[in-house]
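Asker: There's a structure below that I have some questions on.
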Amino acid sequence: MTSTDAIFGTYKAMLEIGRAQRTRFVARYLRDRDLQREIEEGLNVVEAWNRANAVIYYGKGGEISTNNREEVEMAALCLRILQASIVYLNTLMLQDVLAEPRWSEVLDPADRRGLTPLFWSHIRPYGEVRLDLASRLVIGDGPS
C-alpha cells in the first residue's frame, strides 16, 4: 500500500464518519421538539439580522456589487463597524430599561434569555437625520 492509498483510505473513512454524524443529528432533530425550536429561534435571529444588514447597507440592494478585493474588504469592514455600533447602543439601552426596578418584577429568567441586542426597528436608513455634535446621547449614568 502506498502513502497515497493510505491517505485516500483515511479520507474515505472521514467522509463516512461525517455521514454517520449527520444521520445521527437528523434523527435527533426529527424526534426532539426542543432542539427544533432552538434551531428555528436561532435561524430567526440570523434572518432578522440579515434583513438589518440589507437596511444598513442599502446601496445596490444590500449587496456588495464589486469584485475588487479592496472595495469588498472596505465595505465588509464598514458594515461590521456599523453592526457593532448598533449592538453596543442597543445593549446600553436594554441595560437602561432593565435597571428600572419594575422590570425585575415582571421579567422571569425565560424572558431575560429571550432579550437580544440584535434589533434595528429604531434605525432610520432614509430621510433626514439631524446630528447635534454639541450634545451627547444620554444612556445610563454616563456624562450628559
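The working numbering puts the sequence shown at residues 632 to 775.
For every residue, glycine included, the Cβ atom is placed at its ideal position computed from N, Cα and C.
Since the structure is predicted, the reported quantities are computational estimates derived from the model, not experimental observations.
For my contact list, D727 and I770 are in at a C-beta cut-off of 8 Å; report their separation, rounded to the angstrom.
Answerer: 6 Å
Asker: With burial defined as no fewer than 16 other Cβ atoms inside 10 Å of the residue's Cβ, what is the status of A781: buried or exposed?
Answerer: Residue 781 is absent from the model: the chain starts at 632 and stops at 775.
Asker: Would you kindly work out how many angstroms separate the C-alpha atoms of G640 and L666, rounded to a whole number?
Answerer: 34 Å
Asker: From S766 to N698, what distance separates their C-alpha atoms?
Answerer: About 40 Å.
Asker: Report yes if the C-beta distance between I695 and V703 is below 7 Å; otherwise report no.
Answerer: yes
Asker: Y660 by DSSP, collapsed to three states: which one?
Answerer: In the structure shown, Y660 sits in a helix (DSSP, three-state: H, G or I).
Asker: Output the distance between the C-alpha atoms of A707 and R755, rounded to the nearest integer angstrom.
Answerer: 20 Å
Asker: Is the region 714-731 in contact with the region 744-760, if contact means three or more CB pairs nearer than 8 Å?
Answerer: yes
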